[in-house]
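In what follows, a single structure is set out as structure tokens and then discussed.
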Amino acid sequence: MNVVIDLGTFNEEQNDSAEFARTTLKMSWVSKPSAKQRAGRTGRVRNGTVYRLYTRELHDSALFADRNEPSIRCKPLHDVVVRVLGCLGGYFTYPSIVALLEDLIEAPRMDRLQKSLDYLLNGRIVRDSIIGYLYLSLY
């Protein structure tokens, strides 16, 4: 027998608005699709029980979003930019990293990308030699 215990919450990484580079974890309610997914196969295709430690009224309220927000639209992008640049190893086929991120199915907000690129360049986290790759599509 399988058992799933669902609290209905998750730790969400959020950007500190006062200090852009710092992120914090905040406990948030899951979305309705995430709540359904947490049960997995238990109770749907095999024997088991799902214990949800929240009420149906809470699940149906506005606290549980109707869809998941893509994490690339919520988190600071400087870690994404650094990881992409590290994975490419100097072989960049896009005109810029902005063009690459704009081609994603769920593209990030460009104002957040601008802040991340400024943070990386002003903090000298990335070398000046890749400025062209970073900014070509923004200006």
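Each residue of the sequence shown is one higher than the last, beginning at 641 in this note's numbering.
Heads up, the beta-carbon is just placed ideally off N, CA and C, and yes, glycines get one too.
A quick note: this is a predicted structure, and the numbers were derived from the prediction, not measured.
Run through the DSSP bridge pairs and tell me what residue i is partnered with.
i	result
Y691	I645
R686	T682
L665	E653
Rounded to the nearest angstrom, how far is the Cβ of residue i from that of residue j, given a contact under 8 Å?
i	j	result
A705	S671	4 Å
With a Cβ-Cβ cutoff of 8 Å, do residue i and residue j count as a contact?
i	j	result
L717	L753	yes
L757	V720	no
N708	P673	yes
V644	T682	yes
D646	R692	yes
A679	H699	no
P748	L740	no
Closest by CA to residue i, which one among the options?
i	options	result
R713	L744, R764, A675, G688	L744
K666	L740, S711, T649	T649
N642	K755, G688, G763	G688
Q654	L703, K715, V738, G763	K715
A702	S668, V766, R749	S668
E746	E697, R662, S711	S711
D751	I765, V766, R723, V738	V738
R723	V690, I765, E697, T664	I765
Under 7 Å: does the beta carbon of residue i sit that close to some heavy atom of the ligand ADP?
i	result
N651	The ligand ADP is absent from the structure shown, which contains no ligand whatsoever.
What residue ranges within the segment 694-721 form continuous alpha helix (DSSP H) runs of no fewer than 4 residues, ordered along the chain? 696-700
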